[in-house]
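Below: the structure, in C-alpha cells.
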Amino acid sequence: MVSEIKKIGVFTSGGDSPGMNAAIRSVVRTCAFMGVDCVGIYRGYEGMIEGDFKPMDARSVNNIINKGGTILKSARCNPFRTKEGRKRAYEQLRAEGIDAFVVIGGDGSFTGAMIFNQEFDFPVIGIPGTIDNDIFGTTFTLGFDTALNTVVEAVDKIRDTASSHNRLFFVEVMGRDVGHIALNAGVGAGAEEILIPEENLGLDRLLESLKRSKESGKSSSIVIVAEGDKTGKNVFELKEYVEEHLPIYDVRVSVLGHMQRGGPPSCYDRVLASRMGVKAVESLLEGKTSLMVGVQDNRLILTPINKAIKGHTKIDKELIRVSEIMTT
Ligand code: F6P
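Okay, so the sequence shown: first residue is 704 according to our numbering, each after it adds one.
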C-alpha cells in the first residue's frame, strides 16, 4: 500500500548521542530523493508543541554527518506527557501540513510516539538513538559504538598515569541501568575488573580479585564501574572501601560523565544511521507505522514500537566469560 504522505517531520529526543546528525541527514535526503517534503522539528516534543519547525532540503544537512550532538537539539518534555500537550502538538503538525514523523531517540521518546499514534492515528517510525544500547529490537543503537571508542581512549590515557604511579583507578561510565558500555569498553580497555548492574558479584569478590592482581605482579589496575552498578557503593565509596580493606593500593577515581555522549560519530554509527534513515522514510511511504528500525546480524529489521519499549536487552554472558578469563 502506498501512503498519501507528502511531508515528514524529523526530530531528536531524550539524551543525545553521536550519529543522530547522520540519521537526520539520511531522513532529510531520503525524503528529497523520494520527492516528499521534510520538516525539522527542534527540541523534540517541546518544539513540536511550540511549532518550532524548519523546512529542510538536501542542502540543509551538509557537513553534519561527522558531527556529534544534534542540529535539531533535544529535550525532555513533561507537557507532552499530558493529553493537552499532545493535542497542541498534533494541531501544530497539522497546521504545518506534516503527515508523519521519524523520532530519533530512546525508549522514553518511543513511548510518547506510540501514545501519540494511538490518540491521533498519526504515522510514526522510531530510530534507536542512545549511547546506552538498552533498546530491545536492535543489536546496536546509534551512538553506542562511538561511546565505546570514547571510553576506551579515555581509559588508555588513565592507564598511562595509573601505571606510572602504581595506582588503582575506579572509572565510572554511563549506561543508565545497563552495563553494555562498561562490559564492552572494559574488555576493550583491558580492565582488571568490570562492575555491571546485571552481575552483582559483591565486594568480597572484588577485594579478592584485586589482591590476586597485586600478587600476580600487576602494579596498577583499572576497575570499570557502570553508573547503574548495584554493589551499593558509588565509585568514591568503593575507593574508600578498598583503601580501608586493601591498603596496599593507592586509589584514585575518574568519572567520565557526559564526554561519552559527544565527539564525531564512528564510521559504524554513521553508516548505521544512514541505513536506518532510509528504512524509516521508506517504511512510512509504504504505509507502515508504530515500528522501530533496528539492526540484527547486520540486517535492518522492524520491531513493533510497543515491543521495543517493553523489551529488555540481555547482557552478553559470553563476553562476561571472556572478561573473567582476561583477568588471569
Ligand atoms: O541515556 C543516555 C545517558 O547518557 C545515560 O547513560 C545517562 O545516565 C543519562 O543519559 C544522563 O542524562 P542527562 O543527560 O539528563 O544527565
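Positions of the beta carbon are idealized from the N, C-alpha and C atoms, including for glycine.
When you compare each of Gly905, Glu901, Gly800, Leu909 to alanine 894 by their alpha carbons, which one comes out closest?
The count along the sequence shown starts at 1 and reaches residue 894 at position 191. Of the listed residues, the one whose Cα sits closest to alanine 894 is Leu909.
Margin query: Quick check on the DSSP output: what are the complete beta strand (DSSP E) runs of length 3 or more inside the region 875-925, in order along the chain?
Written below: 896-898
Item to complete: For the region 820-870, list the alpha helix (DSSP H) runs that are entirely contained and at least 4 residues long, ordered along the chain.
Response: 847-867
(request) Tell me, please, whether the region 930-941 touches the region 962-973 by the rule of three or more beta-carbon pairs shorter than 8 Å. (result) no
Checklist entry - Just checking my contact of isoleucine 925 with valine 855 at CB under 8 Å: how many whole Å lie between their CB atoms? => result Position 222 of the sequence shown, counted from the first residue, corresponds to residue 925. Position 152 of the sequence shown, counted from the first residue, corresponds to residue 855. Incorrect: roughly 11 Å between the Cβ atoms, too far for contact.
Q.
Below 8 Å on the Cβ atoms is my contact criterion, and I expect valine 806 with serine 716 to pass it. Report the Cβ-Cβ distance as a whole number of Å.
A. Along the sequence shown, read from residue 1 onward, the residue named residue 806 stands at position 103. Along the sequence shown, read from residue 1 onward, the residue named residue 716 stands at position 13. Contact flag correct, Cβ pair sits at about 6 Å.
Short Cβ contact (8 Å threshold) for serine 777 with aspartate 719 = Counting from one through the sequence shown, the residue named residue 777 turns up at place 74. Counting from one through the sequence shown, the residue named residue 719 turns up at place 16. It is a contact, given that the beta carbons lie within the stated cut-off.
Practice problem: State buried or exposed for aspartate 907, treating a residue as buried only when at least 16 other CB atoms are found within 10 Å of its CB. | Solution: What you label residue 907 is simply residue 204 of the sequence shown in a count that begins at 1. By the neighbour-count rule (16 or more Cβ atoms within 10 Å), aspartate 907 is not buried but exposed.
*Tell me whether threonine 1006 sits in a helix, a strand or coil according to DSSP, three-state version.*
Here residue 1006 refers to the residue found at position 303 when the sequence shown is read from its first residue. Here threonine 1006 sits in strand by DSSP.
**OP:** Note down, in chain order, each residue of its chain lying with its Cβ closer than 6 Å to the Cβ of glutamate 918, except the 5 sequence neighbours on either side.
**Re:** Counted from its first residue, the sequence shown places residue 918 at position 215. Answer for glutamate 918: no residue qualifies.
- Message: I need the DSSP call for proline 758, collapsed to helix, strand or coil.
- Response: By one-based count along the sequence shown, residue 758 stands at place 55. In this structure, proline 758 counts as strand in the three-state DSSP scheme.
Exercise. Name, in chain order, the residues that DSSP records as bridge partners for aspartate 932.
Key: On the sequence shown, residue 932 is found 229 positions in, with the first residue counted as 1. According to DSSP, aspartate 932 bridges with nothing at all.
message: What does the alpha-carbon distance come out to for the pair leucine 987 and arginine 746?
response: Sequence index remark: in the sequence shown, residue 987 carries index 284 (1-based). Sequence index remark: in the sequence shown, residue 746 carries index 43 (1-based). If you take the alpha carbons of leucine 987 and arginine 746, they lie about 22 Å apart.
Beta-ladder partner(s) of glutamine 999, from DSSP:
For this step, residue 999 is matched to residue 296 along the sequence shown. Paired residues: Arg1002.
Nearest neighbour of threonine 1030, chosen from Gly788, Glu896, Asp740 [CA to CA]: On the sequence shown, position 327 is the one that residue 1030 refers to. Checking every option, the nearest Cα to that of threonine 1030 belongs to Glu896.
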